[in-house]
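Note sheet for the following structure.
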Amino acid sequence: MEQQQFGTGIKTLLEMAETQEQLEIKFRLYDGSDIGPSKYSPATSVATLKESILAQWPKEKENGPRTMNDLKLINAGRILENNKTLGECRSPICDIPGGVTTMHVVVRPPSLEKGAAEMDLVKKIESGWPRSRHKSVLHR
1 MEQQQFGTGI
11 KTLLEMAETQ
21 EQLEIKFRLY
31 DGSDIGPSKY
41 SPATSVATLK
51 ESILAQWPKE
61 KENGPRTMND
71 LKLINAGRIL
81 ENNKTLGECR
91 SPICDIPGGV
101 TTMHVVVRPP
111 SLEKGAAEMD
121 LVKKIESGWP
131 RSRHKSVLHR
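Residues in the sequence shown are numbered consecutively from 1, following the numbering used here.
The following block contains the structure:
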């Protein structure tokens, strides 16, 4: 019976250490609203954070990201790389023990398909767009 209590005590200590090591992060969106805060392990990759943001993205917001490649995370003025972990991206200046870290989320605007962009150019030319610009735009 004492072994069970001892084992439980170790488990509790390990859980406490893991909880203390968790990083509390909120994600600030382009309109000033937030996702989170939520707790993450320092071993969590930036790619996993982006997947979490996609899953929690407010459905009512227009021009939301379609894939994680549409997202950039910025922390302490640095764009975070997908293959890095939170532990590798930590900034000693910005990390306050027990505090919430705010990461900024930038969404890549939806790009025009190549065909649509070409059609737009044709429409501009046909509508009398200044002739002096035709040559420079068409030969880029």
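All C-beta atoms in this analysis are idealised placements derived from N, C-alpha and C, irrespective of residue type, glycine included.
Contacting residues, own chain, Cβ-Cβ under 8 Å from residue i (five flanking each side not counted)
{"i": "residue 123", "result": "none"}
Collapsed DSSP secondary structure at residue i in the structure displayed
{"i": "residue 120", "result": "helix"}
{"i": "residue 86", "result": "helix"}
{"i": "residue 38", "result": "strand"}
{"i": "residue 45", "result": "strand"}
C-beta atoms of residue i and residue j nearer than 9 Å
{"i": "residue 99", "j": "residue 21", "result": "no"}
{"i": "residue 44", "j": "residue 54", "result": "no"}
{"i": "residue 101", "j": "residue 46", "result": "no"}
{"i": "residue 26", "j": "residue 37", "result": "yes"}
{"i": "residue 107", "j": "residue 71", "result": "yes"}
{"i": "residue 91", "j": "residue 76", "result": "yes"}
Whole-angstrom C-beta distance between residue j and residue i, which should lie under 8 Å
{"i": "residue 74", "j": "residue 103", "result": "7 Å"}
- request: Indicate whether the contact test is met: 3 or more Cβ pairs, each with one atom in the segment 62-73 and one in the segment 33-45, closer than 8 Å.
  value: no
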